[in-house]
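A.B. asks: Dropping a structure here in structure tokens format, bear with me for questions.
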Amino acid sequence: MTRRLDRVNALLREEIGQIISERLNDPRLSVVVSVTQVTTTSDLKSAKVYVSVLGNEEEKQLTIQALTSGSGFLHKELRKIIELRHIPELTFL
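No gaps in the numbering here: position 40 of the sequence shown is 41 in our numbering, and each next residue is one more.
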């Protein structure tokens, strides 16, 4: 993995975590969510976002659903913050 890709992954992890905690308003996000890792493909077309959720299994599933449905909002917010040619499509795990 290149240093540039490492920097992009770290930047995405930090910014996605901040957007989730400060700007994403979804009633299904009632538990603590932290972004643990982001893995981006080399062409920056897609990224896997690994999250840690404190809660029971049902809360974890609801949180993943909320993040998946809010991925368009997250993508738009990342476009405002990060100056990259391509902002990757996000998949939450």
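From the three backbone atoms N, C-alpha and C, an ideal C-beta is built for every residue, glycine too. Here the structure is a predicted model, which is why all the values come from computation and not from measurement.
Do the segment 40-60 and the segment 76-83 make contact, defined as three or more Cβ pairs closer than 8 Å?
C.D. replies: No: fewer than three Cβ pairs fall under 8 Å.
A.B. asks: Go ahead and label Ile20 buried or exposed: buried means 16 or more other beta carbons lie within 10 angstroms of its beta carbon, across all protein chains shown.
C.D. replies: By the 10 Å Cβ count, Ile20 comes out buried.
A.B. asks: So, helix, strand or coil for Ser43, using DSSP?
C.D. replies: In this structure, Ser43 counts as coil in the three-state DSSP scheme.
A.B. asks: Quick check on this structure: which residue in Asp7, Gln66 and Val52 has the alpha carbon closest to the alpha carbon of Gly18?
C.D. replies: Among Asp7, Gln66 and Val52, the Cα nearest to that of Gly18 belongs to Val52.
A.B. asks: Measure the Cβ-Cβ separation of Ser72 and Thr92 and say whether it is below 9 Å.
C.D. replies: A contact, by the Cβ cut-off of 9 Å.
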